[in-house]
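Notes follow once the structure below has been shown.
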Amino acid sequence: MTTGRTRLCCLIGDPVEHSRSPAMFTAAFSELGEDCAYLAFRVKREDLKTTVDGLRAIGFLGCNVTMPHKTEIIKYLDELEGTAELVGSVNTILNNGGRLVGYNTDGKGVIGALEYCGVEISGKSVIIVGYGGAARGVAFELASTNKPSKILIAGRDPSKSKSLADLLRGGAYAEGLSLVDLSGIRKVDLIINATPLGMRPRIDESPVPDHLLDVGVIVMDLVYDPIETKLLRLAKAKGCKVIDGLEPLVHQGAIAFTLWTGRTAPLETMRRAVRGDTR
Numbered sequence: 024m025t026t027g028r029t030r031l032c033c034l035i036g037d038p039v040e041h042s043r044s045p046a047m048f049t050a051a052f053s054e055l056g057e058d059c060a061y062l063a064f065r066v067k068r069e070d071l072k073t074t075v076d077g078l079r080a081i082g083f084l085g086c087n088v089t090m091p092h093k094t095e096i097i098k099y100l101d102e103l104e105g106t107a108e109l110v111g112s113v114n115t116i117l118n119n120g121g122r123l124v125g126y127n128t129d130g131k132g133v134i135g136a137l138e139y140c141g142v143e144i145s146g147k148s149v150i151i152v153g154y155g156g157a158a159r160g161v162a163f164e165l166a167s168t169n170k171p172s173k174i175l176i177a178g179r180d181p182s183k184s185k186s187l188a189d190l191l192r193g194g195a196y197a198e199g200l201s202l203v204d205l206s207g208i209r210k211v212d213l214i215i216n217a218t219p220l221g222m223r224p225r226i227d228e229s230p231v232p233d234h235l236l237d238v239g240v241i242v243m244d245l246v247y248d249p250i251e252t253k254l255l256r257l258a259k260a261k262g263c264k265v266i267d268g269l270e271p272l273v274h275q276g277a278i279a280f281t282l283w284t285g286r287t288a289p290l291e292t293m294r295r296a297v298r299g300d301t302r
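Mapping the sequence shown onto the working numbering, position 101 (from 1) lands on 124, and the numbers just tick up by one.
What follows is the structure, encoded as structure tokens:
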């Protein structure tokens, strides 16, 4: 039951109707007896500043940020944590005594999911599809802490792919490609889709050429609506190890929970909550 003392957290993005975050955080707050509530708000780009002003005025405890606002929201915050400042993307906000501090936990969420699934990244060749907020967070985390043998950034605009790759070269060998260029890549160990391709209503799309999907390849899709995207379905049929988008969601959610409450997140409770409805 919410009261005048209940602390509020939320998700802002467009769209948000598919989000499992309200179920996940509600279950986590309940498990640990935190008097918090979590809501999801569909926010248009032109309303973003007004929304952030409202969160500040009402005193929201924290906020998650999803597409398309991860970069745009930065200008309305008071401070950025190191990774968020480095990658230029925010997916989590903490209200620290009235100052809104932006964090990027996308990369740590992916690393946590890979480790949970028993995937060793060191020395592996990786393709990250996308160069937006989530892709940037994932790429920087992989390059700085896990030392893959190489990271290939692939996207529709090769100049943007190359720009991101250039920023990574201090931590790992990196190269920027167009999606078309993937046809010339013969073998890779790990593929991560960090684009909306395959998300409803575009469920018949996959950003990865079939020839890269082979036995032993690990394929992660950050999309989780539907849970089994076309990419994951094709990968599974080819004998790949697949990781759906709910696992990184749980791990980045756990980081946000700890930022907001100062407590260790109940990971299994959060995992059960997001997987309770597999529509």
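Backbone N, C-alpha and C fix where the C-beta goes; we use that ideal spot for every residue, glycine too. Bear in mind that the values here come from a model prediction, so they are computed numbers and not experimental data.
Can you check DSSP and say which residues form a bridge with S148? K173
Assigned exposure category for H41 - 16 Cβ within 10 Å defines buried: exposed
Using the Cβ count rule (16 or more neighbours within 10 Å means buried), how would you classify T25? exposed
Do the CB positions of V133 and N216 come within less than 7 Å of each other? no
With a threshold of 6 Å on Cβ separation, who are the neighbours of C140 within its own chain once the five nearest residues in sequence on each side are excluded? I266
Give me, in chain order, the residues of the same chain whose beta-carbon lies closer than 7 Å to that of P249; leave out the 5 immediate sequence neighbours on both sides. R223 and I226
Counting along the chain, where does the alpha helix (DSSP H) carrying V75 start and finish? L71 to I81
In this structure, does DSSP put A63 in helix, strand or coil? strand
Go through its chain and collect everything with a Cβ distance to T301's Cβ below 7 Å, but skip five positions before and after it. Because T301 carries a pLDDT of 40, less than 50, the predicted location of this residue cannot be relied on, and no value is offered for it.
Contact check, L290 vs A279, beta carbons under 7 Å: no
Residue ranges of each beta strand (DSSP E) run of no fewer than 3 residues wholly in the segment 166-216, ordered along the chain? 173-178, 197-201 and 213-216
Only counting runs of 4 or more residues, tell me where the alpha helix (DSSP H) segments fall wholly within the segment 99-149, in order along the chain. 105-110 and 129-139
Rounded to whole angstroms, what's the CA-CA distance from I214 to G285? Just pull it up for me. 33 Å
Just verifying my parser: in three-state terms, what is the DSSP assignment at L282? helix
Runs of 3 residues minimum, wholly inside the segment 241-280: which ones carry the beta strand (DSSP E) assignment? 241-244 and 264-266
Here's the rule I'm using: 16 or more other beta-carbon atoms within 10 Å means buried, otherwise exposed. How should K98 be labelled? exposed
Given a cut-off of 7 Å, decide if Y154 and G178 are closer than it, judged by their beta-carbon atoms. yes
Exposed unless 16 or more other CB atoms sit within 10 angstroms - verdict on V238: exposed
Reduced DSSP category for L31 - H, G, I as helix; E, B as strand; rest coil: strand
Label H274 either buried or exposed according to how many other C-beta atoms from any shown protein chain fall within 10 Å of its C-beta, with 16 as the threshold for buried. buried
Could you tell me whether the segment 86-102 touches the segment 52-59, using the rule of 3 or more Cβ pairs below 8 Å? no
List the DSSP bridge partners of G85. C32 and L117
Alpha carbon to alpha carbon, what distance is there between E143 and I81? 43 Å
Can you list, in chain order, the residues of its chain with a C-beta nearer than 8 Å to that of A60? Leave out the 5 residues immediately preceding and following it. T25, T29, R30, L31, C32, T49 and F52
Please name the residue in T94, D58 and G27 whose C-alpha comes closest to that of I35. T94
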